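Here is the structure we will look at.
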Amino acid sequence: QQQVKQSPQSLIVQKGGISIINCAYENTAFDYFPWYQQFPGKGPALLIAIRPDVSEKKEGRFTISFNKSAKQFSLHIMDSQPGDSATYFCAALEYGNKLVFGAGTILRVKS
Amino acid sequence: DTEVTQTPKHLVMGMTNKKSLKCEQHMGHRAMYWYKQKAKKPPELMFVYSYEKLSINESVPSRFSPECPNSSLLNLHLHALQPEDSALYLCASSRQAGSSYNEQFFGPGTRLTVL
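Chains as they are written, first to last, in this note's numbering: chain S, 1 to 111; chain W, 1001 to 1115.
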């Protein structure tokens, strides 16, 4: 059973455009929601994270929007650049230990 | 310094070999993790160590044996692996386990191939 559902599976965006990746969860025990960026052959890198008592968090070009009642959260990448091309994973932390990942979104930014 | 290091970067082993993967962090973190990642899939948790004690084993086969010699080091001992165990093995660390807002930082991984 997939505890964190992520969409879309892949995404192509023009340079300068906005990339949007969505995630949904069911388990109300999740209390921390990070996003990771992974380049081929590398480990996932923590990009940005949000707590469920915050509706939005922005760091540079990256913004997380969080809707607690709908149990949904999303990543927005503003002014997308070719260097942003990577796989993005949303995740949710359960009981402070277990990080549960979404299936991943392969982002390609066309120049 | 938010760096987690892993050695080796690549490992090829036969099904009868015994090998070990190593992970190190110097951030003062007291929780360390092993994940397995197959191609085009998300990482899957294998083990969690909290204050050098094994706290979570996600029903991993006994051919994988973790060890935490001290708070900075984490090993994964491999024995009698199967070809389907070929994957990227990721180590991660966090300030402590069992707390909210527990940021986990990942190493670059060891690419394991079992022949």
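All C-beta atoms, glycine included, are put in the ideal place defined by N, C-alpha and C.
Quick caveat: nothing in here was measured; it's all calculated off a predicted structure.
Check: Using a Cβ cut-off of 8 Å, pull out every chain S residue sitting near W/Val1048, in sequence order please.; Outcome: Asn97, Lys98
Check: What does W/Asn1075 reach in chain S if we use C-beta pairs closer than 8 Å?; Outcome: The premise fails here: W/Asn1075 is roughly 17 Å from chain S at the closest Cβ pair, so nothing lies under 8 Å.
Check: Given a cut-off of 8 Å on the beta-carbon distance, is the pair S/Thr87 and S/Gln9 in contact?; Outcome: no
Check: Could you have a look at W/Glu1084 and say whether DSSP puts it in helix, strand or coil?; Outcome: helix
Check: For S/Leu46, go through chain W and note every residue whose CB falls closer than 9 Å to its CB, in chain order.; Outcome: Thr1002, Glu1103, Gln1104, Phe1105, Phe1106
Check: Apart from the five residues just before and just after W/Gln1037, which ones in its own chain have a Cβ nearer than 8 Å to its Cβ?; Outcome: Pro1043, Glu1044, Ala1087, Leu1088, Tyr1089, Leu1090, Gly1109
Check: Label S/Lys58 either buried or exposed according to how many other C-beta atoms from any shown protein chain fall within 10 Å of its C-beta, with 16 as the threshold for buried.; Outcome: exposed
Check: Which whole-angstrom value describes the C-beta separation of W/Ser1093 and W/His1029, a residue pair presumed to lie in contact below a C-beta threshold of 8 Å?; Outcome: 4 Å
Check: Would you report the Cα separation of W/Lys1041 and S/Lys42, rounded to the nearest angstrom?; Outcome: 14 Å
Check: Under a Cβ-count criterion, where at least 16 other Cβ atoms within 10 Å of its own Cβ denotes burial, should S/Asp53 be classed as buried or exposed?; Outcome: exposed
Check: In chain order, which continuous runs of the beta strand (DSSP E) of length 3 or greater are located wholly inside the stretch 14-64 of chain S?; Outcome: 19-25, 33-38, 45-50, 56-59
Check: Determine which residues share a DSSP beta bridge with W/Tyr1035 and list them.; Outcome: W/Leu1045, W/Leu1090
Check: Quickly, what does DSSP pair W/Asn1075 with across the bridge? List them, please.; Outcome: W/Lys1022, W/Glu1067
Check: Between W/Pro1066 and chain S, is any beta-carbon pair separated by less than 8 Å?; Outcome: no
Check: What residues in the stretch 41-74 of chain S have a beta carbon less than 9 Å from any beta carbon of chain W?; Outcome: Gly41, Lys42, Gly43, Pro44, Ala45, Leu46, Ala49, Arg51
Check: What number of angstroms, rounded off, separates the C-alpha of W/Glu1103 from the C-alpha of W/Trp1034?; Outcome: 15 Å
Check: Quick one: give me the first and last residue of the beta strand (DSSP E) that W/Gln1006 is part of.; Outcome: 1004-1007
Check: State the CB to CB distance for the pair S/Gly83 and S/Gln6, rounded to an integer number of angstroms; the pair is presumed to be in contact (CB under 8 Å).; Outcome: Contact flag wrong, Cβ pair sits at about 22 Å.
Check: Using a C-beta to C-beta distance shorter than 9 Å, which residues of chain S count as neighbours of W/Ala1087?; Outcome: In chain order: nothing, as chain S lies at least about 13 Å away.
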